[in-house]
Amino acid sequence: MFNYWEADTVFHRANPIVKVLLTFLLLISMFFTKKVEVMVVFFATFIMMFWLADTPWAKVKGFARMIFWLVLITFLLNLFYSEEGKILWQFWKLKITEKGLYDSIYFSLRFVNLILLVQLLLGTTQPIDVATVVGRVFKPLARLFPSAGFAEMEIMLLLALRFLPIFQNEIEWLIKSKRARGIVEDTFTKKVDGIVGMVVPLLISAFKRAEELAVALELRGFDPFKERTSYVKWEFSMADVVVILFYLILIFAVIIQKKMIVWDI
Amino acid sequence: MVIYSFKNFSYAYYGVTKVFENLNLRIGSNNPQIVAFVGPSGSGKTTLLSVMAKLVEDYSGEVLFEEKNLKDWKELEFRKKVLMLLQSPEKQLFEENILADVLYTLKYDNLTVEEKMLKAQRVLELVGLPKDRWDKPYYRLSGGEARKAALAAVLVKDSEVLLLDEPTSGIDSETRQELYRIFKNLKRAGKSIFFSSHDVYFVKAVSDEVFFVDNGLVKPAENVEKARYWGVV
Ligand SMILES: Nc1ncnc2c1ncn2[C@@H]1O[C@H](COP(=O)(O)OP(=O)(O)OP(=O)(O)O)[C@@H](O)[C@H]1O
Ligand SMILES: [Mg+2]
Chain A
1 MFNYWEADTV FHRANPIVKV LLTFLLLISM FFTKKVEVMV VFFATFIMMF
51 WLADTPWAKV KGFARMIFWL VLITFLLNLF YSEEGKILWQ FWKLKITEKG
101 LYDSIYFSLR FVNLILLVQL LLGTTQPIDV ATVVGRVFKP LARLFPSAGF
151 AEMEIMLLLA LRFLPIFQNE IEWLIKSKRA RGIVEDTFTK KVDGIVGMVV
201 PLLISAFKRA EELAVALELR GFDPFKERTS YVKWEFSMAD VVVILFYLIL
251 IFAVIIQKKM IVWDI
Chain B
266 MVIYSFKNFS YAYYGVTKVF ENLNLRIGSN NPQIVAFVGP SGSGKTTLLS
316 VMAKLVEDYS GEVLFEEKNL KDWKELEFRK KVLMLLQSPE KQLFEENILA
366 DVLYTLKYDN LTVEEKMLKA QRVLELVGLP KDRWDKPYYR LSGGEARKAA
416 LAAVLVKDSE VLLLDEPTSG IDSETRQELY RIFKNLKRAG KSIFFSSHDV
466 YFVKAVSDEV FFVDNGLVKP AENVEKARYW GVV
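Line order of the protein sequences matches chains A and B. Counted from 1, the first sequence has number 191 at position 191 by the working numbering; the numbering is strictly sequential. Each position in the second sequence, counted from 1, maps to that position plus 265 in the working numbering.
Structure (structure tokens):
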């Protein structure tokens, strides 16, 4: 889930600042359109970008399945929501209208696109780079409001990004361990029991890790309030141009579609 | 009959990190056997054992176990026969203490509580864990103790085949001798053991057959000592 994968592609080489800012821009622009067509364009472009970014499909299979279920729920929740438009199907008080159908397709697609957008950033950018960029953006805020905790936010974000995949990995190992020991959870009750049984070991390992990390940070003299330096030189390159083009096309798609609506009126 | 046959077997992690390429090999025999895998770090011993344990399945080619495709084996059927000791004990253990952890393996077995308890105690004694450690969680044990506990959690179930990933690492010489006896006894009891190890003396003493794992290949070893000389182990 939101894993980084190693590869040598334009998306990996591009400047993290560019990627983070464009992701942010696109994220906002996505909320400025209510057109399914635009969402389809986004989706198709994202898939192409993932393909160009050498996505290890086997690795994201589980994540994709999880998203599928979430999308299905989003779809169903929106499907019966609207009262407007032509009624397509009705059963007692439950009805699907034209607008309801359109909206639910739109919301599902937007949901998928949001996740794809974030995954594209985190899949091709090291967590430390994402955190550093966000940290730099927050720096002026941290100066203005020293007590608001913006300085710690950078390290917190870094830790969260760093630990999410570890947490997921931990779950995979627990499942593997059970199977290795010949424990087969083949009925519903056994499955539920197995999931409940994983909570405590997960918490224990999380605390253990936090403890180790605290010691490690202390040993290296970490201070969240000190100016952070980075050994990576961030220069503007051809890769950035390519990435910028991709994102700009999408932002233009939103703008053009907006314009057309204005003309309609 | 415990035989694994690999046919055009290739494996790469996420299709990127190549570990094995086009392997054709038969491992095992009709009689109980102790088989060792040796090779440098990162050569693929753990990967190979995980495939044999049906924990990793996204390989290409075929792996047969007892003449039946591994992928066709029913989970329940297979897990009754084959158990695996994972390389790091902290990945294998998760209950609040060692005794509870060993009992966890027997969770869904048709035994009374007393029978389970008896089995667990016997196996903990077998691997040489003193009674005063039984109520400790794995993360409060030493590395060697945790490994013994993990081994106990696997041995407590009577399976025909044992896949043990580095049972010898981090243990003292006394335990190593104990492990030698355990291996021999298990074999006498009709079990087959496949294990990986960096301990060349142990491998030489206990194994019926040794395989080298290196450079994407698995080859029968004629001479373990020579391998050591060449720095393979
Ligand atoms: N989860 C993973 N993801 C990606 N690559 C992996 C993963 N696990 C192992 N590898 C790679 O596969 C190769 C074989 O690893 P494996 O763990 O099988 O080696 P090993 O022979 O057991 O080594 P050791 O003696 O250190 O235990 C290594 O190059 C390793 O980097
Ligand atoms: Mg290994």
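Even for Gly, the Cβ is constructed at its ideal location relative to N, Cα and C. Keep in mind it's a predicted model, so treat the numbers as computed, not measured.
In its own chain, which residues sit with a C-beta less than 8 Å from the C-beta of residue i, not counting the 5 before and 5 after it?
| i | result |
| --- | --- |
| Leu-174(A) | Met-198, Pro-201, Leu-202 |
| Leu-79(A) | Ile-96, Gly-100, Leu-101, Ser-104 |
| Pro-266(A) | Nothing can be reported for residue 266(A): it is not among the residues displayed for chain A, which extend from 1 to 265. |
| Thr-9(A) | Leu-52, Ala-53, Asp-54, Thr-124 |
| Tyr-81(A) | Gly-100, Asp-103, Ser-104 |
Of all the CB atoms in chain B, is at least one closer than 8 Å to the CB of residue i?
| i | result |
| --- | --- |
| Leu-174(A) | yes |
| Val-243(A) | no |
| Pro-56(A) | yes |
| Ile-171(A) | no |
| Ile-166(A) | no |
| Ile-265(A) | For Ile-265(A), the predicted model reports a pLDDT of 41, less than 50, meaning its position is unreliable and no value from the coordinates is stated. |
| Ala-180(A) | yes |
| Pro-127(A) | no |
Output needed for residue i: all residues of its chain with C-beta closer than 7 Å, excluding positions within five of it in sequence on either side, in chain order.
| i | result |
| --- | --- |
| Glu-439(B) | none |
| Thr-74(A) | Phe-107, Ser-108, Phe-111 |
| Ala-210(B) | Because chain B in this structure spans residues 266 to 498, residue 210(B) falls outside the shown range and cannot be described. |
| Gln-257(A) | Thr-33, Lys-35, Val-38 |
| Phe-448(B) | Ile-299, Ile-458, Val-471 |
Could you check whether the Cβ of residue i sits closer than 7 Å to any heavy atom belonging to ligand 1?
| i | result |
| --- | --- |
| Gly-309(B) | yes |
| Thr-282(B) | yes |
| Thr-312(B) | yes |
| Gly-304(B) | yes |
| Tyr-278(B) | yes |
| Val-316(B) | no |
| Val-478(B) | yes |
Are any of the Cβ atoms in chain A nearer than 8 Å to that of residue i?
| i | result |
| --- | --- |
| Ser-424(B) | yes |
| Val-328(B) | no |
| Tyr-269(B) | no |
| Met-349(B) | yes |
| Thr-370(B) | yes |
| Asp-323(B) | yes |
Mapping DSSP to helix, strand and coil, what is residue i?
| i | result |
| --- | --- |
| Leu-427(B) | strand |
| Ser-434(B) | coil |
| Ser-461(B) | strand |
| Thr-282(B) | strand |
| Asp-240(A) | helix |
| Val-475(B) | strand |
| Val-41(A) | helix |
| Gly-307(B) | coil |
| Phe-145(A) | coil |
| Leu-406(B) | coil |
| Gln-90(A) | strand |
| Ala-253(A) | helix |
| Ser-108(A) | helix |
| Tyr-369(B) | helix |
| Val-328(B) | strand |
| Leu-482(B) | strand |
| Lys-422(B) | coil |
Compute every distance between the C-beta of residue i and the non-hydrogen atoms of ligand 2, then say whether any falls below 7 Å.
| i | result |
| --- | --- |
| Gln-352(B) | yes |
| Glu-431(B) | yes |
| Ser-461(B) | yes |
Less than 8 Å between the CB atoms is what I'm expecting for residue i and residue j, so what's the real figure, rounded?
| i | j | result |
| --- | --- | --- |
| Ser-457(B) | Glu-425(B) | 7 Å |
| Leu-116(A) | Val-134(A) | That belief does not hold up - the Cβ atoms of Leu-116(A) and Val-134(A) are roughly 20 Å apart, past 8 Å. |
| Pro-56(A) | Val-281(B) | 6 Å |
| Thr-433(B) | Ser-472(B) | Contact flag wrong, Cβ pair sits at about 12 Å. |
| Ser-177(A) | Gln-357(B) | 5 Å |
At least one CB of chain E closer than 8 Å to the CB of residue i: is that the case?
| i | result |
| --- | --- |
| Asp-186(A) | Among the protein chains of the structure shown, namely A and B, there is no chain E. |
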